[in-house]
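Trainee: Supplied in structure tokens, the structure appears directly below.
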Amino acid sequence: TKTISKCFVQVTGMTCASCVANIERNLRREDGIHSILVALMAGKAEVRYNPAVIHPSAIAELIRELGFGATVMENCGEGDGILELVVRGMTCASCVHKIESTLMKTDGVLYCSVALATNKAHIKYDPEAIGPRDVMQVIKDLGFTTSLVKKDRSASHLDHKQEIRQWKRSFVVSFVFCVPVMGLMIYMMVMDSQLSDAHTHQNMSSEEREALHSSMVLEYQLLPGLSVMNFLSFLLCVPVQVFGGWHFYIQAYRALKHSTANMDVLVVLATSIAFLYSLVILLVAMAEKAKVNPVTFFDTPPMLFVFISLGRWLEHVAKGKTSEALARLISLQATEATIVTLGPDNVLLSEEQVDVELVQRGDIVKVVPGGKFPVDGRVIEGHSMVDESLITGEAMPVTKKPGNTVIAGSINQNGSLLISATHVGADTTLSQIVKLVEEAQTSKAPIQQFADKLSGYFVPFIVAVSVVTLLAWIIIGFVDFEIVEKYFLGYSRSISSAEVIIRFAFQASITVLCIACPCSLGLA
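The working numbering applies: residue 11 is where the sequence shown begins, and numbers increase by one.
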């Protein structure tokens with residue numbers, strides 16, 4: 011007897027079904043090759059060969075000669091089928107043992123475990139030797155009832171609706187409060203420049219005087235040390251910090267709990283420090299009843315939150331689009347299949363409806379006009395036109411005759427076909443597409459991973475730099491007070507020089523934090 015071995019070859023460079031046909035046709039002619047099955051989406055060829063005549067490496071070489079890339083896959087366990095069943099009617103541990111031992115003796119079953127508490131059986135099998143229906147039959151013969159564990163066919167785990175809502179809300183809140191803050195800020199800047207002009211030109215028009223007067227309204231102190239401008243900024247900033255930044259705080263807390271620093275930690279750090287520092291400065295100014303209004307950073311948090319939440323919102327909208335497409339794809343899968351038993355000369359002996367998950371490789375499946383193909387296969391009998399637009403995008407129906415391949419999920423149009431199943435379950439083209447899209451969804455873009463990795467070093471580094479700034483200015487101040495005096499304008503003469511130095515040092519270090527923090531990395 012000839013021994014038949016099986017190997018998997020990873021094939022790259024295949025673009026369409028004709029590449030697949032080309033490889034299969036050419037390899038079938040070779041000596042020692044028993045059969046070959048190529049899956050286009052998975053880029054995988056399953057070859058059964060006679061090891062006495064040919065080696066896997068030689069098979070890969072043959073595929074390479076046809077102009078494709080080919081490497082032999084070492085882990086051949088990929089071909090194992092996995093089956094999850096619900097088993098009813100078990101009463102005690104001996105039932106479990108009975109099922110397990112009988113299944114393990116069955117040819118083609120590689121592994122089996124049955125849990126009495128959950129009524130579930132988990133079975134690994136070799137699809138070459140046995141199929142899910144055979145396994146279920148074995149269990150039925152022992153006197154138990156079995157059914158498949160129903161898989162969730164919807165793509166609910168890929169639903170981004172909630173995230174889209176949450177980031178949209180976050181963005182809208184930040185935006186609503188950010189606009190007035192920015193307006194105030196720009197207004198103050200314009201007025202400041204006019205003020206300095208006014209001091210140089212004594213003679214100015216009445217309009218300019220009025221403009222100046224209105225800018226004075228913002229500088230006007232409601233309470234000693236608390237200007238209208240600062241008070242308004244504070245009021246506008248609080249809701250952003252709380253509602254706009256809520257999700258950032260949660261994410262940042264989680265990251266810190268696992269002692270890592272990501273983007274969110276930076277955002278939270280910058281905004282919180284800017285906010286708290288501004289608040290403290292205001293309170294100090296009010297306590298001192300300062301004549302000059304302190305410089306606050308209330309404009310930083312709203313602006314940061316606006317940009318970053320807008321980015322996150324757009325990102326989730328884009329992801330949601332792909333997920334919708336994916337959910338549609340998943341909904342295209344047929345749920346049932348009609349399996350037929352053929353007698354000699356392809357006479358129909360019997361047919362039965364089964365779940366798609368129960369179709370085994372090599373089964374003969376009948377597809378009626380208007381029906382969906384439940385699995386990938388090869389036509390055995392019948393002529394028809396098939397609409398494959400969902401997979402290939404080809405609008406015109408494709409003619410199918412015996413020997414042609416059909417794709418799961420495409421729609422049979424006018425003739426009845428009998429097909430022999432070649433790829434079932436997770437190996438069908440449609441399942442592979444779904445898997446690829448899912449993987450693309452769940453994995454991060456390389457640049458994003460890079461940014462996260464960088465911010466891991468970036469956060470401690472920036473914090474360190476701002477602490478150094480703080481200490482440096484304190485030392486400079488105590489060594490040579492005049493330098494601080496030169497740069498720190500408008501401090502009131504009433505406070506001690508030590509306090510001036512500390513204040514100035516803090517202001518410098520906070521500025522470093524706010525400016526260096528998340529802006530560039532996060533927005534990018």
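Cβ atoms here follow ideal geometry from the backbone N, Cα and C, with glycine treated the same way.
Please classify residue 422 as buried or exposed, where buried requires at least 16 neighbouring CB atoms within 10 angstroms.
Mentor: buried
Trainee: Smallest Cα separation from residue 188: which of 258, 353 and 310?
Mentor: 310
Trainee: Using the beta-carbon count (16 or more within 10 Å), is residue 45 buried or exposed?
Mentor: exposed
Trainee: Measuring straight from C-alpha to C-alpha, what distance separates residue 520 and residue 315?
Mentor: Cα to Cα, residue 520 sits roughly 18 Å from residue 315.
Trainee: If distances are taken between C-alpha atoms only, which option among 16, 155, 29 and 158 comes closest to residue 67?
Mentor: 16
Trainee: Beta carbon of residue 140: closer than 6 Å to some heavy atom of the ligand ZN?
Mentor: Looking for the ligand ZN in the displayed structure turns up nothing, as the structure carries no ligands at all.
Trainee: Helix, strand or coil, according to DSSP, for residue 496 in the structure here?
Mentor: helix
Trainee: Looking at residue 389 and residue 412, is the spacing between their C-beta atoms short of 7 Å?
Mentor: yes
Trainee: Mind checking which residues open and close the alpha helix (DSSP H) that includes residue 112?
Mentor: 103–115
Trainee: For residue 131, collect the residues of the same chain with a Cβ closer than 6 Å to its Cβ; drop the 5 residues on either side in sequence, then sort them by chain order.
Mentor: Cβ neighbours of residue 131 beyond the five flanking positions: 95, 97 and 124.
Trainee: Please report the residue range of the alpha helix (DSSP H) in which residue 17 lies.
Mentor: Counting along the chain, residue 17 falls outside any alpha helix (DSSP H), though it belongs to the beta strand (DSSP E) covering 15–22.
Trainee: By the DSSP assignment, the beta strand (DSSP E) with residue 121 in it spans what residues?
Mentor: From DSSP, the beta strand (DSSP E) with residue 121 extends over 119–125.
Trainee: Could you check the C-alpha separation between residue 176 and residue 472 for me, to the nearest Å?
Mentor: CA-CA distance, residue 176 to residue 472, rounds to 30 Å.
Trainee: Is it the case that the region 114–121 contacts the region 57–67, given that we only count it when at least three CB pairs across the two stretches are under 8 Å?
Mentor: no
Trainee: Residue 436: buried (16+ other C-beta within 10 angstroms of its C-beta) or exposed?
Mentor: exposed
Trainee: Where does residue 456 land, buried or exposed, given buried means 16+ other C-beta within 10 angstroms?
Mentor: Its Cβ having fewer than 16 others within 10 Å, residue 456 is exposed.
Trainee: Return the CA-CA distance between residue 70 and residue 19, expressed in angstroms with no decimal places.
Mentor: 7 Å
Trainee: Could you tell me which of 64, 469 and 35 sits nearest to residue 277, measuring between CA atoms?
Mentor: 469
Trainee: Please list the terminal residues of the continuous alpha helix (DSSP H) segment that includes residue 332.
Mentor: 310–341
Trainee: How would you write the range of the beta strand (DSSP E) that residue 55 sits in, first residue to last?
Mentor: 54–59 is the extent of the beta strand (DSSP E) around residue 55.
Trainee: Might you give, ordered along the chain, the residues of its own chain that have their beta carbon closer than 8 Å to the beta carbon of residue 193, omitting 5 neighbours on each side?
Mentor: Result list for residue 193: empty, nothing under 8 Å.
Trainee: Check this for me: beta carbons of residue 53 and residue 81, under 7 Å apart or not?
Mentor: No, the pair does not count as a contact, with Cβ atoms beyond the cut-off.
Trainee: Use the C-beta contact count for residue 172: other C-beta atoms within 10 angstroms, 16 or more gives buried, fewer gives exposed.
Mentor: exposed
Trainee: Using the Cα positions of residue 525 and residue 51, report the straight-line distance between them to the nearest angstrom.
Mentor: Rounded to whole angstroms, the separation of the alpha carbons of residue 51 and residue 525 is 48 Å.
Trainee: Following the continuous alpha helix (DSSP H) through residue 75, name the residue where it begins and the one where it ends.
Mentor: 66–75
Trainee: Assuming residue 368 and residue 444 make a contact with CB atoms under 8 Å, what is their CB distance in whole Å?
Mentor: About 19 Å; that fails the 8 Å criterion.
Trainee: Kindly give me the distance between the Cβ atoms of residue 397 and residue 439, rounded to whole angstroms, as I take these residues to be in contact under 8 Å.
Mentor: The pair is not a contact, with the Cβ atoms about 15 Å apart (cut-off 8 Å).
Trainee: On the DSSP letters alone, give me the boundaries of the beta strand (DSSP E) that residue 434 sits inside.
Mentor: No residue range can be given for residue 434, since it is assigned to no beta strand (DSSP E) and is classified by DSSP as neither H nor E.
Trainee: Using alpha carbons as the reference points, say which of 420, 136, 522 and 487 lies closest to residue 378.
Mentor: Ranking the options by Cα distance to residue 378, first place goes to 420.
Trainee: Return the CA-CA distance between residue 267 and residue 30, expressed in angstroms with no decimal places.
Mentor: 51 Å
Trainee: When you compare only the Cα positions, how much space is there between residue 72 and residue 48?
Mentor: Here the C-alpha atom of residue 72 lies approximately 14 Å from the C-alpha atom of residue 48.
Trainee: What span of residues does the beta strand (DSSP E) with residue 388 cover, start to end?
Mentor: For residue 388, the enclosing beta strand (DSSP E) begins and ends at 386–391.
Trainee: Find the nearest neighbour of residue 380 within the set 427, 351 and 370, judged by alpha-carbon distance.
Mentor: 427
Trainee: Using 10 angstroms around the beta-carbon of residue 341, count the other beta-carbons present and answer buried if the total reaches 16, otherwise exposed.
Mentor: exposed
Trainee: Just tell me which of 414, 24, 282 and 74 has its CA closest to the CA of residue 249.
Mentor: 282
Trainee: I think residue 343 touches residue 418, with their Cβ atoms under 8 Å apart; what is that distance to the nearest whole Å?
Mentor: 7 Å
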